[in-house]
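Written below as structure tokens is the structure these notes are about.
Protein chains: 4
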Amino acid sequence: MAFTTSFKVRFADIDLGRVVYFARYADYAHRCFEDFFTEGAKLPYGQMMERQRVGFPIVHAEADYLSPLRVDDEVRIVMEVLRLTRRSVTSRFTLLRGATDERCAVVTLKQACVDLEAFRGTQIPDAIFAHFSAHLLEET
Amino acid sequence: MAFTTSFKVRFADIDLGRVVYFARYADYAHRCFEDFFTEGAKLPYGQMMERQRVGFPIVHAEADYLSPLRVDDEVRIVMEVLRLTRRSVTSRFTLLRGATDERCAVVTLKQACVDLEAFRGTQIPDAIFAHFSAHLLEET
Amino acid sequence: MAFTTSFKVRFADIDLGRVVYFARYADYAHRCFEDFFTEGAKLPYGQMMERQRVGFPIVHAEADYLSPLRVDDEVRIVMEVLRLTRRSVTSRFTLLRGATDERCAVVTLKQACVDLEAFRGTQIPDAIFAHFSAHLLEET
Amino acid sequence: MAFTTSFKVRFADIDLGRVVYFARYADYAHRCFEDFFTEGAKLPYGQMMERQRVGFPIVHAEADYLSPLRVDDEVRIVMEVLRLTRRSVTSRFTLLRGATDERCAVVTLKQACVDLEAFRGTQIPDAIFAHFSAHLLEET
């Protein structure tokens, strides 16, 4: 089961080439990851960091750019969990142009679970693990 | 005695109007404030926050936009302390186009000294107060 | 009649002081200005720039910071037009914490109407002028 | 022959986890790509876009995060061209902590050469191709 969020491209997201700055796509994917907690699990992302003292720093990121996003575009992001272990999660974020469903980019993030006191790897808390599990991509 | 720093306008700083995004000028001014510590006082800004546990959140900001900065421009910023009390500092940052000395913007920031544990106003530590004092604009 | 928009503070909006970076408030105000066109007037901001060839660069900006915005906060922004001439508009953006209605910041922007071909001042097109007029703050 | 540039981590680059926001590393790599033109080839990046009417949008990006960058860190970036064709260039950007030479991240960008009028792939202009060639990683 995929998680979906959407928002608008902003004036300030545009670069000199008149399209969304490439590094912004990774930022967009992270916003979806935040919404996955805040809206999907009713556990606001900042609260999670402050109460549970865990964070999910990125270990590896990849992005394929297919079609440029432009100002006024509505971006719809579909998040699917590709791989899940007790200590890390790899998710794929597909960025679509809202008006046409055109795939504009695919971002993949591998994130480790980290104890924020020690800044060291730790186990994903059970409730969060269950939330990731529920969005794990089914093998076909 | 004014403090001066400079850096280049970046590709990503540009907005849809092909000039530097207006909110970025405030960010540029803050970079100069950081360099005022790091280079001017040999007290790196992050270290100051972490060792002395004080920060300088902005209380009031103003900016006049005179001529747009563009990609590849070298920005030179001149910082002068306009007013200084034991608990706050007001500084003026004049942004010049490096190549021509043209004034592009004037940003004024009033910053309070805050104890970062309590997030409450506190006295500016002596060494920092002295550094501000040395850059206080002379009355004419 | 005030125009209102709202959105969430993002993980990346936070600075080393664990609150929203001060320059971001100006960016938030601009997002509201964009929504004022896109949602309020059904004239997407980028389209306006590209079809009508006008833009609204900021001439003067001011901000008062009252209470820090933090991660997960919902920001509600109320926009009112304070002054309107044929060639410029001054608007006030009041940023409220969504959960409590607490005023967190007040940003005021004076924007000139500019012909984007010539990057020179021009008259505000009639339809846009009417839209601003409808949100002009009533004298009391 | 590698190209090298360096700059400081800024207060505003930090996220809620107190380290540089992950999407910022891609931005840092792009700054190095800009300097490769501006300083390396004495052809300022924006001028290149405006005079030669070509740009280098990112087609694919990858990043490995090895050690977090923090406020006040000096970042040194080493750029090497990994693959070069008449129509695209793939470069590796190694981000080092200036003080210790520790490798903090490796970013790889594949960029197509695009005619900015038509936003369509085109041949890399000869002078730019030669500049990339001079930084092509030697096979060992």
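Chains as they are written, first to last, in the numbering used here: chain W, 1 to 140; chain F, 1001 to 1140; chain E, 2001 to 2140; chain Y, 3001 to 3140.
Glycine included, each C-beta is placed from N, C-alpha and C at the ideal position.
Problem set entry | Integer-rounded CB distance, given that W/F132 should sit under 8 angstroms from W/L82 | Indexing the first sequence from 1 puts residue 82 of chain W at position 82. Indexing the first sequence from 1 puts residue 132 of chain W at position 132. With 8 angstroms as the limit, W/L82 and W/F132 do not qualify as a contact, their Cβ atoms being about 11 angstroms apart.
For this session: Determine the direct distance from the alpha carbon of E/G2121 to that of E/R2086, and round the result to whole angstroms.
Result: Stepping through the third sequence from its first residue, residue 2086 of chain E is reached at position 86. Stepping through the third sequence from its first residue, residue 2121 of chain E is reached at position 121. Near 10 angstroms, if we compare the C-alpha coordinates of E/G2121 and E/R2086.
For this session: Return the CA-CA distance between E/Y2021 and E/D2027, expressed in angstroms with no decimal places.
Result: Within the third sequence, numbered from 1, the residue matching residue 2021 of chain E stands at position 21. Within the third sequence, numbered from 1, the residue matching residue 2027 of chain E stands at position 27. One C-alpha to the other measures close to 10 angstroms.
For this session: Taking C-beta pairs closer than 7 angstroms, name the residues in chain F that Y/R3086 reaches, listed in chain order.
Result: For the purposes of this step, residue 3086 of chain Y is taken as residue 86 along the fourth sequence, with counting starting at 1. Those do not exist, as Y/R3086 stays about 24 angstroms from chain F at its closest Cβ, beyond 7 angstroms.
Problem set entry | Given W/G98 as reference, the closest of W/H135, W/A127, W/T108 and W/S67 once Cα atoms are compared | The residue labelled residue 98 of chain W in the question sits at position 98 within the first sequence. Nearest option by C-alpha distance: W/S67.
Exercise. How big is the Cα-Cα spacing for E/G2017 and W/A2?
Worked result: Mapped onto the third sequence, residue 2017 of chain E falls at position 17. Mapped onto the first sequence, residue 2 of chain W falls at position 2. Looking at the two C-alpha atoms, the distance is approximately 35 angstroms.
Exercise. At which residue ranges does the region 3022 to 3074 of chain Y contain complete alpha helix (DSSP H) runs of 4 or more residues, listed in the order of the chain?
Worked result: 3022 to 3035
Problem set entry | Sequence-distant residues of the same chain with beta carbon closer than 7 angstroms to F/A1134, five excluded per side | For the purposes of this step, residue 1134 of chain F is taken as residue 134 along the second sequence, with counting starting at 1. Excluding residues within five positions, the ones whose Cβ falls inside 7 angstroms are M1001.
Exercise. For W/I128, which three-state DSSP category applies?
Worked result: Numbered from 1 along the first sequence, position 128 holds the residue referred to as residue 128 of chain W. Correct three-state label for W/I128: helix.
Exercise. Is it the case that the Cβ atoms of F/I1058 and F/L1109 are separated by a distance below 7 angstroms?
Worked result: Residue 1058 of chain F sits at position 58 when you count from the first residue of the second sequence. Residue 1109 of chain F sits at position 109 when you count from the first residue of the second sequence. Cβ distance < 7 angstroms, so F/I1058 and F/L1109 count as in contact.
Exercise. Tell me which same chain residues have a C-beta within less than 8 angstroms of the C-beta of E/P2044, skipping the five on either side of it?
Worked result: As a working mapping, residue 2044 of chain E is identified with position 44 in the third sequence. The residues are F2037 and T2038.
For this session: Please state if the CB of W/V107 and the CB of W/R70 are separated by a distance shorter than 7 angstroms.
Result: For the purposes of this step, residue 70 of chain W is taken as the residue at position 70 of the first sequence. For the purposes of this step, residue 107 of chain W is taken as the residue at position 107 of the first sequence. Cβ distance not < 7 angstroms, so W/R70 and W/V107 don't count as in contact.
Exercise. For F/E1138, which option in F/A1063, F/A1118, F/E1080 and F/I1124 has the closest C-alpha, if you only look at C-alpha atoms?
Worked result: Taking the second sequence and counting its residues from 1, one reaches residue 1138 of chain F at position 138. Checked all of F/A1063, F/A1118, F/E1080 and F/I1124; the closest Cα to F/E1138 is F/E1080.
For this session: Round the Cβ separation of E/Q2111 and E/V2089 to the nearest angstrom and send it over; I've been treating them as touching at under 8 angstroms.
Result: Working through the third sequence from its first residue, we reach residue 2111 of chain E at position 111. Working through the third sequence from its first residue, we reach residue 2089 of chain E at position 89. Yes, E/Q2111 and E/V2089 are in contact; Cβ-Cβ is about 6 angstroms, under 8 angstroms.
Exercise. Cα separation between W/L136 and W/I128?
Worked result: Position 136 of the first sequence, counting from 1, holds the residue named residue 136 of chain W. Position 128 of the first sequence, counting from 1, holds the residue named residue 128 of chain W. Using only the alpha carbons, I get a separation of about 13 angstroms.
For this session: Following the continuous beta strand (DSSP E) through Y/F3007, name the residue where it begins and the one where it ends.
Result: In the fourth sequence, residue 3007 of chain Y corresponds to position 7, counting from 1. Where Y/F3007 is concerned, the enclosing beta strand (DSSP E) stretches over F3003 to K3008.
For this session: Select from E/R2092, E/R2076 and E/F2119 the residue whose C-alpha is nearest the C-alpha of E/T2100.
Result: By one-based count along the third sequence, residue 2100 of chain E stands at place 100. Closest option to E/T2100, Cα to Cα, is E/R2076.
For this session: Determine which residues share a DSSP beta bridge with E/T2094 and list them.
Result: Here residue 2094 of chain E refers to the residue found at position 94 when the third sequence is read from its first residue. BP columns for E/T2094 point to E/V2078 and E/V2106.
Exercise. Are the CB atoms of W/V9 and W/D73 nearer to each other than 7 angstroms?
Worked result: Translated into positions along the first sequence, residue 9 of chain W becomes position 9. Translated into positions along the first sequence, residue 73 of chain W becomes position 73. In this structure, W/D73 lies closer than 7 angstroms to W/V9 by Cβ.
Exercise. What number of angstroms, rounded off, separates the C-alpha of E/A2061 from the C-alpha of E/Y2025?
Worked result: For the purposes of this step, residue 2061 of chain E is taken as residue 61 along the third sequence, with counting starting at 1. For the purposes of this step, residue 2025 of chain E is taken as residue 25 along the third sequence, with counting starting at 1. Distance between the alpha carbons of E/A2061 and E/Y2025 is about 11 angstroms.
Exercise. Does the beta-carbon distance from E/Q2047 to E/P2125 come in below 7 angstroms?
Worked result: For the purposes of this step, residue 2047 of chain E is identified with residue 47 of the third sequence, where counting begins at 1. For the purposes of this step, residue 2125 of chain E is identified with residue 125 of the third sequence, where counting begins at 1. Taking 7 angstroms as the Cβ cut-off, E/Q2047 and E/P2125 do not qualify as a contacting pair.
Exercise. If we call anything under 7 angstroms between Cβ atoms a contact, is Y/R3015 one with E/F2056?
Worked result: Working through the fourth sequence from its first residue, we reach residue 3015 of chain Y at position 15. Working through the third sequence from its first residue, we reach residue 2056 of chain E at position 56. Reading off the sequence, residue 3015 of chain Y comes out as Asp, not Arg. No, these two residues do not count as a Cβ contact at 7 angstroms.
Exercise. Hey, does Y/A3105 have any beta-carbon neighbour from chain E nearer than 7 angstroms?
Worked result: Here residue 3105 of chain Y is taken as the residue at index 105 of the fourth sequence, counted from 1. Output row for Y/A3105: interface = no.
For this session: Taking C-beta pairs closer than 9 angstroms, name the residues in chain E that Y/V3019 reaches, listed in chain order.
Result: Stepping through the fourth sequence from its first residue, residue 3019 of chain Y is reached at position 19. Within chain E, no residue comes near Y/V3019; the closest Cβ sits about 10 angstroms away, beyond 9 angstroms.
Problem set entry | E/F2033 at chain Y interface by Cβ criterion, 7 angstroms | Translated into the one-based positions of the third sequence, residue 2033 of chain E becomes position 33. No, its Cβ sits nowhere closer than 7 angstroms to a Cβ of chain Y.
Problem set entry | Per DSSP, cross-strand counterpart(s) of Y/S3088 | Position 88 of the fourth sequence, counted from the first residue, corresponds to residue 3088 of chain Y. Y/A3112, per the DSSP bridge assignment.
Problem set entry | Residue environment, W/A130, which counts as buried when at least 16 other CB atoms sit within 10 Å | By 1-based counting over the first sequence, the position of residue 130 of chain W is 130. Exposed is the call here.
For this session: Consider the Cβ of F/P1044: report whether some Cβ of chain Y lies at a distance smaller than 7 angstroms.
Result: In the second sequence, residue 1044 of chain F corresponds to position 44, counting from 1. Yes, contact with chain Y.
For this session: Taking only the alpha-carbon atoms, compute the straight-line gap between E/E2102 and Y/A3105 and give it to the nearest angstrom.
Result: In the third sequence, counting from the first residue as 1, residue 2102 of chain E sits at position 102. In the fourth sequence, counting from the first residue as 1, residue 3105 of chain Y sits at position 105. Spanning the two alpha carbons is a distance of roughly 41 angstroms.
For this session: Check whether the Cβ of Y/D3115 lies closer than 7 angstroms to any Cβ atom in chain F.
Result: Numbered from 1 along the fourth sequence, position 115 holds the residue referred to as residue 3115 of chain Y. Not closer than 7 angstroms to any Cβ of chain F, the Cβ of Y/D3115 fails to qualify, so no.
For this session: List the residues of chain Y whose Cβ lies closer than 7 angstroms to the Cβ of E/F2011, in chain order.
Result: In the third sequence, residue 2011 of chain E corresponds to position 11, counting from 1. What E/F2011 touches in chain Y: D3015 and L3016.
Exercise. Going along chain E, which residues have a C-beta under 8 angstroms from W/D72?
Worked result: The residue labelled residue 72 of chain W in the question sits at position 72 within the first sequence. The answer, in chain order, is T2038, P2044, Y2045, G2046 and Q2047.
Exercise. Whose Cβ in chain W lies nearer than 9 angstroms to the Cβ of E/H2030?
Worked result: As a first step, residue 2030 of chain E must be located in the third sequence, where it is residue number 30. What E/H2030 touches in chain W: R10, F11 and A12.
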